[in-house]
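Encoded as structure tokens, the structure appears first; notes follow it.
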Ligand code: SF4
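In my numbering, the protein residues as written are 8 to 216.
In structure tokens:
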């Protein structure tokens, strides 16, 4: 990463961490992907049941591979035929992994979802939620975070999953009501009532979409 961008991110990350703390969410900062992996694993006790929403960032820092190889009960929803059972298992898991489609500088976590299993599990269910978030997801405010979620993250995800939405074809949100839309639910997590439940690993790198 360009050193000027890295330096700016380092400074901005302190504001994000203060914002998370003010919202009863725990944030930690990692300078590299390797450091992020170590900090995420410190949050997951051995023997934990772990599942995840789609989370490219967790793959990119090596977390999913480490969990599959380690002393954890990793619930691999992609390997389960019964998708409803996989979804329900997530609500009772010790740890749920996800990222954010965007985050505000003052710590609000924004996600949009089609099936909505990811946003519902972030909101309630799993005992601990760990969000791996690259500094590329940080936006000045809630409005710009929603715009990022719908104009950057959503089109890329729609393309990845071969969905028939306007954004998959044009790269920009058309506020569609397509049957394939991945913008069924918007979740802005602005506070957690449960201390230590939601934890963010903020990484000084570009991760995910
Ligand atoms: S509302 Fe439709 S066009 Fe806009 S980002 Fe969501 S899926 Fe894409």
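Even for Gly, the Cβ is constructed at its ideal location relative to N, Cα and C.
Query	Result
Less than 8 Å between the beta carbons of residue 30 and residue 114, yes or no?	yes
Who are residue 141's beta bridge partners in DSSP?	210
Roughly how many angstroms lie between the CA atoms of residue 84 and residue 197, to the nearest whole one?	28 Å
Pull up the distance between the alpha-carbon of residue 183 and that of residue 78, whole angstroms please.	43 Å
Going by DSSP in three states, residue 94 sits in which element: helix, strand or coil?	helix
Name the DSSP beta bridge partners of residue 205, please?	136
Does the stretch 101-115 come within contact of the stretch 15-28, defined as at least 3 CB pairs closer than 8 Å?	yes
In the DSSP assignment, find the unbroken alpha helix (DSSP H) run with residue 27 in it and report its ends.	10-29
Do you know whose CA, among 192, 191, 193, 158, lies nearest residue 176's CA?	158
Where do the ends of the alpha helix (DSSP H) carrying residue 118 lie?	Not the alpha helix (DSSP H): residue 118 falls in the beta strand (DSSP E), residues 116-120.
What do you reckon, are the CB atoms on residue 103 and residue 136 nearer than 8 Å?	yes
With a 10 Å radius around its C-beta and 16 neighbouring C-beta atoms as the bar for buried, classify residue 239 as buried or exposed.	With the chain covering 8 to 216 only, the question about residue 239 has no answer from this structure.
CB-CB under 6 Å to residue 193, same chain, minus the five flanking residues each way: which ones, in chain order?	119
Can residue 132 and residue 92 be called in contact, C-beta distance under 8 Å?	no
Quick one: residues in its chain with C-beta nearer than 7 Å to the C-beta of residue 202, no 5 flanking neighbours on either side, listed in chain order?	31
Looking at residue 64: is its Cβ nearer than 8 Å to the Cβ of residue 215?	yes
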